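Q: Residue numbers are given in my numbering: position 46 of the sequence shown equals residue 27, and the series is strictly consecutive. Where is the CB? At the ideal position from N, CA and C, for every residue including glycine. Remember, predicted model here, so these are calculated numbers, not experimental data. First the structure, then my questions, so here it is.
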Amino acid sequence: TDEEDHLACRKFEILSNNENVWRRHHGEEVKTWLTDKLPVWLEEQPAWFGALEKALIPDWAVTDPDVLANIRDEEVVTIISERATGAAFLSRSGAVGVEAIQLLDEVFNGRRSGR
């Protein structure tokens, strides 16, 4: 549904933030969510689930090696390798990390953290 797609896009927004911050607070929730949804998205191929989104998914969060192989096509691998240096620099912002935690609280737990 449109609502599910919107929520999925919001959750993917988390993956673009500082992983060291969000993983500590919500890593297992993200992993469970991806374990449940990735096979569905790979089959259905929703319009919002492209190479850029697939490149945001950390390897540790994909429990099925076949699913990981399916999301790591040539285009995705290229995106990951091209941004490896820049992403390390950009992800160091503490403010971005705080925003990631607030967004995770909102989309996974249905509550807004104080902003």
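(1) On the CB-based measure, 16 or more other CB atoms within 10 Å of its CB, does glutamate 63 come out buried or exposed?
(2) Do you know offhand how far threonine 59's Cα is from alanine 32's?
(3) Which class does glycine 8 belong to by DSSP, given the choice of helix, strand or coil?
(4) For my contact list, proline 39 and aspartate -14 are in at a C-beta cut-off of 8 Å; report their separation, rounded to the angstrom.
(5) Alanine 28 by DSSP, collapsed to three states: which one?
(6) Assign glutamate 25 to buried or exposed, taking buried as 16 or more other Cβ atoms, counted over all protein chains shown, within 10 Å of its Cβ.
(7) When the Cα of tryptophan 22 is compared with those of Phe(-7), Asn1, Ser(-3), Asn(-1), which residue comes out closest?
A: In this structure, then:
(1) Exposed is the label assigned to glutamate 63, since fewer than 16 other Cβ atoms lie within 10 Å of its Cβ.
(2) Our two residues, threonine 59 and alanine 32, have alpha carbons roughly 10 Å apart in a direct line.
(3) Note: glycine 8 maps to helix in three-state DSSP.
(4) Not confirmed; about 22 Å, so no contact.
(5) DSSP, read as helix, strand or coil, puts alanine 28 in coil.
(6) The residue in question, glutamate 25, is exposed, as its Cβ has fewer than 16 Cβ neighbours within 10 Å.
(7) Distance check between tryptophan 22 and each of Phe(-7), Asn1, Ser(-3), Asn(-1) places Phe(-7) closest, using alpha-carbon atoms only.
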